[in-house]
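In my numbering, the protein residues as written are 7 to 278.
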């Protein structure tokens, strides 16, 4: 018996009537479909936040990066692509501080895409976690996203357009020993997004979560080798993800106009 195999076609072959050059122009336009869009990314000086900003900037967006320390922010902004002459900016501050968001709206009110990527980790059992650390984790991971949404939702509703993306965690769904406060702060984003999607949809504003699994970042680099080995065994794809793969998910949500109120899992099958 003979078997017929279908060969995958290149992306640009979906528009054969354009010809090779026309197809390339179509592909370039597709890759730059954030031209004219303004984005604000918290936690944008490093890690997932910076890689998301890099992805958006390459697609033509103008980015404002927010983080606690100025020097890393300066370096991050200077690294962003300026394929359309974008004027990328940065803002120094703590996302858990309402004054930061008041300043952000005054500085750049017309944000089209808000990415709440700032995060604070926890790596100890609850009984060993200082109260100050508990406050910091909840303030950054949950209140920071709520404050950002509150202050920018008003502007987005007025414009009748907007997209909000929160970087949550797969631990919001699975939990994890030594991460109880972190998991709780990320799980809070689930209820927040489900509720806000209902409030925001009539203004054509979308809001979603991304739930990364184990991603190769500074945060996961600090985990013990035994914990890493166990996580790899529990991940069907057999590896940690990359920040670029999370950025692809963020780009997908930013450009998909019919998705709101959802949790997009990017975990290599960890939660299966």
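Backbone N, C-alpha and C fix where the C-beta goes; we use that ideal spot for every residue, glycine too. In this text the structure is predicted, and so the values were computed from the model without any measurement.
Pairwise C-alpha distance: residue 116 and residue 45 = In the chain shown, residue 45 corresponds to position 39, counting from 1. In the chain shown, residue 116 corresponds to position 110, counting from 1. Their backbone Cα atoms lie some 9 angstroms apart in a straight line.
So who's on the other strand from residue 269, going by DSSP bridges?
Working through the chain shown from its first residue, we reach residue 269 at position 263. According to DSSP, residue 269 bridges with 215.
| What's the C-alpha gap between residue 227 and residue 52? | The residue given as residue 227 occupies position 221 in the chain shown. The residue given as residue 52 occupies position 46 in the chain shown. Distance between the alpha carbons of residue 227 and residue 52 is about 14 angstroms.
*asked:* Taking 8 angstroms as the limit between beta carbons, can you name the residues of its chain near residue 187, skipping five residues before and five after?
replied: Against the chain shown, residue 187 aligns to sequence position 181. These residues qualify, in order along the chain: 128, 132, 135, 139, 140, 143 and 144.
Contact set for residue 251: own chain, Cβ-Cβ below 8 angstroms, skip 5 residues either direction:
Here residue 251 refers to the residue found at position 245 of the chain shown. Excluding the 5 residues flanking it on each side, residue 251 has same chain C-beta neighbours closer than 8 angstroms at 221 and 272, in chain order.
| What are the boundary residues of the beta strand (DSSP E) that residue 73 is part of? | Position 67 of the chain shown, counting from 1, holds the residue named residue 73. Where residue 73 is concerned, the enclosing beta strand (DSSP E) stretches over 68-73.
Simplified DSSP state of residue 137, which is helix, strand or coil: Residue mapping note: residue 137 aligns to position 131 of the chain shown, counting from 1. Of the three classes helix, strand and coil, the one that applies to residue 137 here is helix, per DSSP.
* Asked: Which residues does DSSP pair with residue 247 in a beta bridge?
  -> Within the chain shown, numbered from 1, the residue matching residue 247 stands at position 241. BP columns for residue 247 point to 221.
Q. Ordered along the chain, which non-local residues of its own chain (more than five positions away) have a Cβ less than 6 angstroms from that of residue 167?
A. Here residue 167 corresponds to residue number 161 of the chain shown, with the count starting at 1. Excluding residues within five positions, the ones whose Cβ falls inside 6 angstroms are 210.
Inter-residue Cα distance where the pair is residue 69 and residue 62
Here residue 69 is taken as the residue at index 63 of the chain shown, counted from 1. Here residue 62 is taken as the residue at index 56 of the chain shown, counted from 1. Spanning the two alpha carbons is a distance of roughly 8 angstroms.
Q.
Between residue 63 and chain B, is any beta-carbon pair separated by less than 7 angstroms?
A. The structure shown has no chain B; it contains just one protein chain.
- request: Enumerate in chain order the residues of its own chain whose CB-to-CB distance from residue 55 is below 8 angstroms, with the five nearest sequence positions on each side excluded.
  value: The residue given as residue 55 occupies position 49 in the chain shown. Cβ neighbours of residue 55 beyond the five flanking positions: 47, 48, 49, 71, 73, 121, 123, 124 and 173.
* In its own chain, which residues sit with a C-beta less than 6 angstroms from the C-beta of residue 260, not counting the 5 before and 5 after it? -> Within the chain shown, residue 260 is the residue found at index 254, counting from 1. Excluding sequence neighbours, residue 260 sits near 119 and 169.
Q) Given residue 158, which residues of its chain have a CB within under 6 angstroms of its CB, disregarding the five upstream and five downstream residues? A) Residue 158 sits at position 152 when you count from the first residue of the chain shown. Excluding positions up to five away in sequence, the list reads 117 and 120.
Ranges of the alpha helix (DSSP H) found wholly within the region 92-134, counting only runs of at least 4: 104-113
Practice task
Determine the direct distance from the alpha carbon of residue 239 to that of residue 5, and round the result to whole angstroms.
Solution key: The requested residue 5 is not part of the displayed model; the chain covers only 7 to 278.
Roughly how far, in whole angstroms, is the beta-carbon of residue 176 from the beta-carbon of residue 218, given that I think they are within contact range, below 8 angstroms? Working through the chain shown from its first residue, we reach residue 176 at position 170. Working through the chain shown from its first residue, we reach residue 218 at position 212. Their Cβ separation, rounded to whole angstroms, is 7 angstroms, which keeps residue 176 and residue 218 in contact under 8 angstroms.
Subject >> Endpoints, beta strand (DSSP E) assigned at residue 46 >> reply: Within the chain shown, the letter at position 40 stands for residue 46. Residues 44-48.
Rounded separation between residue 212 and residue 165 - CA only: Here the question's residue 212 lines up with position 206 in the chain shown. Here the question's residue 165 lines up with position 159 in the chain shown. Going from the Cα of residue 212 to the Cα of residue 165 covers about 13 angstroms.
Classify residue 3 as buried or exposed, calling it buried when 16 or more other Cβ atoms lie within 10 Å of its own Cβ.
-> Since the first residue shown for the chain is 7 and the last is 278, residue 3 is missing from the structure and cannot be characterised.
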